[in-house]
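Read in order, the letters of the sequence shown are residues 2 to 322 in the working numbering. Cβ coordinates follow ideal geometry from the N, Cα and C atoms, glycine included. Quick caveat, the model's predicted, so the values are computed rather than measured.
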Amino acid sequence: MRLKARNRIVTGALLLLVLLVVFGALLSGAPPARAAEAFTLEGRAAPLGMATDHARDRYWVLERASGRLQITAIGADGMVQGRMSSRDTVSSAQGLAFWDGEAWVGDIGGRREQVVVLRITEPWPGTEIRNAVPYALTYPDGRHDAAALLVDGDHRLHVVTRGEGAGVYRAPADPSSSGPNALERVADAPSAEITDGVVLQDGRWVLRDATTLYTLDPASLAVVDESAIGVEERGRSVTESLTLGSVLTALGPAGEVTSTAVPGPTPSASPTARPVRTVAPPAEAGTPDPTRTFEQTGTTTAMTAALVLAGLAAVVVLFRR
């Protein structure tokens, strides 16, 4: 075989491999199609918390209460997309919230005077971060047990306690990650056994207990409507559906995630503009940023491999001419 022909074959094979790798990387990063109906999480433990990433058409699920922090990404079809883990440990994680590219994990279970909420910026399936950002929150009136964590459009953290004297507690507008932050009691809870809650895209709150969904006015936190869940569930989670206007509750006897219309009328006025999260500039070279350092195992790895292969192809072409 002539040298020139052999060069063409080698170069063509390398370029084909590059195209395959790039194509696979693009597919792995593409968001799944939206689902109009609920789905089933077969063979999975009942989630402690669920949250919705509307921008990327996926749900995040909290399944582990203690040990290393871990959340699982679920597509609109109920298929697992991957897990994101951290080197942080939790003792009784019960709540999960998501807003504006940030996941918040509430280590709020058990009767404690002080709880911790961990912030993860831009979580991605198949990654591990070194550390999430912790925020210690202190109750003003002693120990409480809680299972519901909510984040509103102003990025304010709220914890809903359960048991005697159950209430809604709000964190400061700009909590510190270096010291305890005093919670403020702002309302009574609609039930003594609230297990989860979510702030909808239109601003309304939806809380749940074992049998009932409660819609709350975001300004007064008063109940404006409620409805029965209608399914005996072994899980106690709720989140907003990707198709707005309904919420998902989990988990039914056969692993089903049930879709239910949000109780009450839809607000007639459009929600006011929300403050947009300001992303800090990247750390300077040589300065570690523990909140953004991770080991990427998905799209970034594939793209890096594609670039390396492209470089090899170029080298082969140059040296064989």
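Nearest C-alpha to GLY79 among ALA147, ALA262, VAL258, TRP100: VAL258.
Secondary structure note for TRP125: it is in no beta strand (DSSP E), with a DSSP letter that is neither H nor E. In the three-state scheme derived from DSSP, where H, G and I count as helix and E and B as strand, ARG59 is classed as strand. Every unbroken stretch of the beta strand (DSSP E) spanning 3 or more residues and falling wholly within the region 73-110 is given here in chain order: 81-91, 96-100, 103-108.
Restricted to the region 155-193, the beta strand (DSSP E) segments that are unbroken, complete and at least 3 residues in length are 158-163, 168-171, 185-189, listed in chain order. ILE230 is not bridged by DSSP to any residue. Taking C-beta separations shorter than 8 Å and ignoring five residues to either side along the sequence, the partners of SER67 in its chain run THR90, VAL91, SER92, SER93, ALA94, following chain order.
For ARG69, the closest C-alpha among the options ILE75, ASP203, VAL106 is that of VAL106. Secondary structure at THR196: coil, using DSSP grouped into helix, strand and coil.
In the DSSP assignment, ARG209 falls within the beta strand (DSSP E) that extends over 206-209. Burial state of ARG205 is buried, judged by a 10 Å Cβ sphere holding 16 or more other Cβ atoms. Distances from the alpha-carbon of ASP175 to those of ASP218, HIS159, ARG237 put HIS159 closest.
The beta carbons of VAL161 and LEU201 sit no closer together than 8 Å. Boundaries for THR267: no beta strand (DSSP E) harbours it, and the DSSP string shows neither H nor E there.
Within the same chain, ALA229, ILE230 come within 8 Å of THR212 by CB-CB distance, once the 5 residues on both sides are set aside. Counting C-beta pairs closer than 8 Å gives fewer than three between the region 180-193 and the region 126-133, which falls short of the contact rule. Between ARG157 and ALA172 the beta-carbon gap is near 6 Å, inside 8 Å, which marks them as a contact.
Excluding its 5 nearest sequence neighbours in each direction, HIS145 has C-beta neighbours in its own chain below 6 Å: THR162, listed in chain order.
ALA66 carries a coil assignment under DSSP once its states are collapsed to helix, strand and coil. Contact between VAL169 and ALA147 does not hold, since the beta-carbon distance rounds to 10 Å and is not under 8 Å. In the same chain as ALA47, and ignoring 5 residues on each side of it, the C-beta atoms closer than 6 Å to its own belong to ARG235, GLY236, LEU252, in chain order.
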